[in-house]
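So that you can map any letter, position 240 of the sequence shown is 225 in our numbering, and since no number is skipped, the others follow by simple counting. I have placed the structure first, in the form of structure tokens, so that the comments after it can refer back to it.
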Amino acid sequence: MIIDCHGHYTTEPKDLHRFRQEQTKAAKDKLQMPSKAALKMSDDEIRESLEGAQLKLQRERGTDLTIFSPRASGMGHHIGDERVSLEWSQICNDLIHRVVSLYPNNFAGVCQLPQSPGVAPKNSGAELERCVKELGFIGCNLNPDPSGGYFNAPPMTDKWWYPFYEKMIELDVPAMIHVSGCCNPAQHTTGSYYLNADTMVFMQLILSDLFKDFPTLKLIIPHGGGAVPFHWGRFRGIALNNNRPELDRIMSNNIFFDTCVYHQPGIDLLTKVVPIDNILFASEMVGAVKGLDPRTGQYFDDTKRYVDQAQGLTAADKQKIFEGNARKVFSRLKIKSPAR
Ligand SMILES: [Zn+2]
């Protein structure tokens, strides 16, 4: 079975965008908030939005299950206040729940959190609990920078985050570290901001004692771990120079990278330097990099192809990347058989 651990609902019904535009405008201009009850999204519309996109690509590429969350760039934690963020998160999470209910063998839910700049992450615990206990979700996307590009939140190793980690452990769910849309004009959202955040958080983690305090905390750093695999020697050297253990020991059962690296040499490098036990298959489709590579004629985000062709991987390695590691990290994932 092939589990894609990183997919977003980027083909949402259009009334969701109408609502969010009105909500954003109301938050800025202190106008009347739009009514949540007036949102119109039918099951047929949801089916249609997936059949020609995520489901079609699952079938074409031969993947089985996508661990699915709301559009990451749409989380917009910097927009409005905590109340706005909570309402928006609940709407987006309820929509993911509808997707999973319509296609229980193709999708498993991961939630967006109602984070807001300057607000303690602890406050996101209740929505996480609702999503896990009431909606059956198996993880969350945790934003290290709710400011949307200004990186002014405490490092993820700071005690500021601890009560939220305690909630994750209580509920037995991992978090994917994932920023949202960027409002800092110096950074492109998917081209630089995402990778900058990934790289930043890895660096915070390797110099900290976070996993001594939380030995079972599981964090996924997406987009192939940002710049980390390419600069493995730099990170390893800095860790050792600071009397930290080897990176593979630090990562161990706590830090995982995905395979959202959109070319063969990138996957070859990733699988060569990062321990196989710490790599989860993912494509982030339909999302960050759409379209065909004119040199190969293949989709950039058809990452299964790269893993299939990666140099030096055994069948057992591939089984771990495609399924085994995801089952270990997402321990609440109970779906056993492929949808096909
Ligand atoms: Zn993503």
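By construction, the Cβ of each residue, glycine as well, lies at the ideal position given by its N, Cα and C atoms. Predicted, not measured: the structure shown is a model, and the values here were computed from it.
Query raised in the report: Taking the Cβ atom as the reference point for each residue, do Pro260 and Asp233 lie within a distance shorter than 7 Å?
Result: Position 275 of the sequence shown, counted from the first residue, corresponds to residue 260. Position 248 of the sequence shown, counted from the first residue, corresponds to residue 233. Yes, the pair counts as a contact, with Cβ atoms nearer than the cut-off.
Query raised in the report: Using a Cβ-Cβ cut-off of 8 Å (strictly less than) and excluding sequence neighbours within five positions of Leu40, which residues of its own chain qualify?
Result: By one-based count along the sequence shown, residue 40 stands at place 55. So the list reads Tyr88 and Asn91, once near-sequence residues are dropped.
Report task. Can you give me the start and stop residues for the beta strand (DSSP E) that Asp(-11) sits inside? Result -> Position 4 of the sequence shown, counted from the start, is the residue given in the question as residue -11. Per DSSP, Asp(-11) belongs to the beta strand (DSSP E) from Ile(-12) to Tyr(-6).
Query raised in the report: Would the beta-carbon of Glu(-3) be found less than 6 Å away from any heavy atom of ligand 1?
Result: Working through the sequence shown from its first residue, we reach residue -3 at position 12. Outside the cutoff, so no.
Query raised in the report: Is it the case that the CB of Ala57 approaches a heavy atom of ligand 1 more closely than 6 Å?
Result: Position 72 of the sequence shown, counted from the first residue, corresponds to residue 57. Yes, Cβ of Ala57 sits closer than 6 Å to a heavy atom of ligand 1.
Report task. Please classify Asn181: is it buried, with 16 or more other beta-carbons within 10 angstroms of its beta-carbon, or exposed? Result -> Residue 181 sits at position 196 when you count from the first residue of the sequence shown. Asn181 comes out buried.
Query raised in the report: Can you give the beta carbon distance from Ala267 to His(-7), rounded, assuming they're within the 8 Å contact cut?
Result: Mapped onto the sequence shown, residue 267 falls at position 282. Mapped onto the sequence shown, residue -7 falls at position 8. Going by Cβ atoms, the distance from Ala267 to His(-7) rounds to 11 Å, so no, they are not a contact pair.
Query raised in the report: What distance in whole Å lies between the Cβ atoms of Asp243 and Leu225, which are believed to be in contact at a cut-off of 8 Å?
Result: By 1-based counting over the sequence shown, the position of residue 225 is 240. By 1-based counting over the sequence shown, the position of residue 243 is 258. Between Asp243 and Leu225 the Cβ distance is about 26 Å, and since that is not below 8 Å, they are no contact.
Report task. Report yes if the CB atom of Met18 is closer than 7 Å to the CB atom of Pro(-2), and no otherwise. Result -> As a position in the sequence shown, residue 18 is number 33, starting the count at 1. As a position in the sequence shown, residue -2 is number 13, starting the count at 1. Taking the C-beta atoms as reference points, Pro(-2) is found no nearer than 7 Å to Met18.
Report task. Give me the Cα-Cα distance between Gly47 and Phe307, rounded to the nearest whole angstrom. Result -> Taking the sequence shown and counting its residues from 1, one reaches residue 47 at position 62. Taking the sequence shown and counting its residues from 1, one reaches residue 307 at position 322. Answer to the nearest angstrom: the Cα atoms are 11 Å apart.
Requested in this report: Please work out which residues of its chain come closer than 6 Å, Cβ to Cβ, to Pro367, disregarding the five sequence neighbours upstream and downstream, and give them in chain order.
Outcome: Absent from the model: residue 367. The displayed extent of the chain is -14 to 325, so no value can be given.
Query raised in the report: Mind checking Gly297: buried by the 16 CB within 10 Å criterion, or exposed?
Result: Along the sequence shown, one-based indexing puts residue 297 at 312. When all chains shown are included, Gly297 counts as exposed.
Query raised in the report: Alpha carbon to alpha carbon, what distance is there between Ala273 and Leu385?
Result: Absent from the model: residue 385. The displayed extent of the chain is -14 to 325, so no value can be given.
Query raised in the report: What residue range is occupied by the uninterrupted alpha helix (DSSP H) comprising Asp198?
Result: Here residue 198 refers to the residue found at position 213 when the sequence shown is read from its first residue. Residues Leu195 to Asp198.
Report task. Could you tell me if Glu269 is buried or exposed, where buried requires 16 or more neighbouring beta carbons within 10 angstroms of its beta carbon? Result -> Counting from 1 along the sequence shown, the entry for residue 269 is found at position 284. So Glu269 counts as buried.
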